[in-house]
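Numbering (this note's numbering), first residue to last: 32 to 446.
The beta carbon of each residue, even a glycine, is placed where N, CA and C say it ideally should be.
Here the structure comes first, spelled out in structure tokens, and everything after it is commentary.
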């Protein structure tokens, strides 16, 4: 069959169209994978390819020198991309940096704002927005931007978690962080571990944690990072540590009981506001909740603190210590003592005579006289320094309660 001139024309147009479509498809596919290859075709509407190539050059430059300025080639490609396709987001960070370099801060701010509205997934745009918020002293905005950046990119999480934690010290963090952390983001665990490991962040971090333990978030089930935070907080502000511990589940047997876990019915978690077991090579301590006992073991010729906890003594007075102990030898080769000592270095307090737990069941009175100290270490001291054999002791109960006012100096003279 012979083709007419019109048929040849239509066939030619079809071939040209097909080739053009194939080339255009090739260019589109390679706009981001291989932008230089895409540009080599010289196809129209190549703004995305120019932006991608500019971004690639920028990435190489920043990897070598993070503080370097955009090259002329980057700026040319970015400008051409923006002129051809204003939605080509890869061109915007380069243009912003270029405007800043030329001193055109107003234009740079407009471009950066546009870039932030155009995309939330560009790591460089997010970093520039965060830096801009920091420079403007807008910590609340910076924290929100940090949360957004970490939510959309796993690659920058390690970088931004540190910056998010550092922002915790700012007063604006107390209102900005709870809505972010209250949603239990995937980066939350890294954030809390970072905060607990930096004493400068602990106080504000604890305030944030206290907030999200309550309504409307109700995140009051403690995690390992909470125990780390409470331990560090207790060194700085015992009162705040107690409040946070209570918000996360620390309980006492009664309102008048001063010691936590006085019946040893649960594993201590909120250390040091619960029993801290001080294991050493010579003395060991372990709580067995099912049996309700604290087991102390000592090698012969040893002495030291076996267990302790931080307690609040609200006012001077007379305090009654009660105990139930088994396994302590009747002879004097081993002794177990309970002692109260002020835990606040800047406060003054009169020394308090320790109580010897020498009988299986007993009680003793401890007098806490006028003092400026509000927090004390309650310690169990195990001494087998004169013993020739190892000693195992079980403490089944240890209770401390206020029973009255402390004796005055006149009382002491009369006695």
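Are the Cβ atoms of residue i and residue j separated by less than 9 Å?
i, j, result
"residue 406", "residue 302", "no"
"residue 211", "residue 261", "no"
"residue 172", "residue 218", "no"
"residue 369", "residue 325", "no"
"residue 124", "residue 181", "no"
"residue 426", "residue 388", "yes"
"residue 402", "residue 373", "yes"
"residue 102", "residue 87", "no"
"residue 306", "residue 322", "no"
"residue 256", "residue 223", "yes"
"residue 279", "residue 227", "no"
"residue 399", "residue 327", "no"
"residue 304", "residue 273", "yes"
"residue 112", "residue 81", "yes"
"residue 140", "residue 163", "yes"
"residue 390", "residue 422", "no"
Whose CA, out of the options, lies closest to the CA of residue i?
i, options, result
"residue 107", "95, 126 and 351", "126"
"residue 170", "151, 186 and 195", "195"
"residue 345", "269, 240 and 318", "269"
"residue 176", "199, 147 and 185", "147"
"residue 200", "186, 214 and 231", "231"
"residue 246", "273, 116 and 213", "213"
"residue 109", "122, 249 and 164", "122"
"residue 298", "198, 318 and 139", "318"
"residue 114", "79, 377 and 390", "79"
"residue 375", "259, 385 and 409", "409"
"residue 153", "186, 165 and 168", "186"
"residue 168", "198, 151 and 157", "198"
"residue 116", "383, 83, 411 and 277", "83"
"residue 9", "105, 386 and 283", "Here the chain comprises residues numbered 32 to 446, so residue 9 is not present and cannot be evaluated."
Here's a check: name, in chain order, each residue in its chain whose Cβ is nearer than 7 Å to the Cβ of residue i, leaving out the five neighbours to either side.
i, result
"residue 20", "Outside the modelled stretch of the chain, which goes from 32 to 446, sits residue 20, for which no answer is possible."
"residue 417", "364"
"residue 432", "287, 288, 289, 350 and 351"
"residue 155", "124"
"residue 225", "192, 193 and 196"
"residue 60", "The pLDDT assigned to residue 60 is 43, lower than 50, so where the model puts this residue is not dependable, and the model offers no usable value."
"residue 466", "As displayed, the chain neither begins before 32 nor continues past 446, which places residue 466 out of reach and without an answer."
"residue 386", "352, 368, 369, 395 and 397"
"residue 151", "179 and 183"
Leaving out five residues on either side along the sequence, give the residues of the same chain with a beta carbon under 6 Å from the beta carbon of residue i.
i, result
"residue 353", "394 and 430"
"residue 313", "330 and 333"
"residue 242", "209"
"residue 404", "373, 375, 378 and 380"
"residue 56", "Residue confidence is low: residue 56 scores 44 on pLDDT, short of 50, so the model does not pin down where it sits. Its coordinate-derived value is still stated next. Cβ within range, chain order: n/a, list empty."
"residue 66", "With a pLDDT of only 49 at residue 66, under 50, the local geometry of the prediction cannot be trusted, and no value is derived from it."
"residue 248", "213"
"residue 283", "291"
"residue 358", "423, 424 and 425"
Could you round the C-beta distance between residue i and residue j to whole angstroms and report it? I think they count as a contact, below 8 Å.
i, j, result
"residue 264", "residue 271", "6 Å"
"residue 253", "residue 179", "Actually they do not touch by this definition, with Cβ atoms about 28 Å apart."
"residue 419", "residue 331", "5 Å"
"residue 367", "residue 413", "6 Å"
"residue 159", "residue 143", "6 Å"
"residue 275", "residue 240", "6 Å"
"residue 347", "residue 437", "5 Å"
"residue 293", "residue 428", "7 Å"
Taking 8 Å as the limit between beta carbons, can you name the residues of its chain near residue i, skipping five residues before and five after?
i, result
"residue 137", "none"
"residue 267", "230, 233 and 234"
"residue 320", "295, 296, 297 and 298"
"residue 258", "300, 301 and 302"
"residue 145", "123"
Inset, instruction - Indicate whether the contact test is met: 3 or more Cβ pairs, each with one atom in the region 234–242 and one in the region 199–215, closer than 8 Å. - result: yes
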